[in-house]
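What follows is a single structure, written as structure tokens, with notes after it.
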Amino acid sequence: MLAWGSTYKSNLTSLQTKQNHIARFFFFTCTYEKATASAKPLLNLLGILTVDHVYKLHVLKFIHAWNKGLLPEIF
């Protein structure tokens, strides 16, 4: 996921859309019409990170490991 860099957003838009649909399905909200409300509050209730937040988490974990010298020497 980290190797995708700044192009990850265009590649994972459909995955985020599916995650939003599933969150709405769990709460029996609008699933058949075009939903205009954000699914973020539903994801927060479920305790699920969005695709964007998962990417940012992995970047921060990588930076932390780099600062602590826990990565292989190639980095």
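When you read off a place in the sequence shown, starting at 1, and then add 643, the result is the number in our numbering.
Here a beta-carbon is modelled for each residue, glycine too, at the ideal position from N, C-alpha and C.
As the structure is a prediction and not an experimental result, all values here were calculated from the model.
Residue i, DSSP secondary structure in three states
i: F669; result: helix
i: A708; result: helix
i: L658; result: helix
Best match in the options for proximity to residue i [C-alpha to C-alpha]
i: Q659; options: E716, L688, V694; result: V694
i: F669; options: H707, N687, K704, N710; result: N687
Exposure of residue i, with buried meaning 16 or more beta-carbon neighbours within 10 Å
i: A680; result: exposed
i: L713; result: exposed
i: N663; result: buried
Sequence ranges, alpha helix (DSSP H) only - wholly within the stretch 677 to 703, length at least 4:
683 to 689
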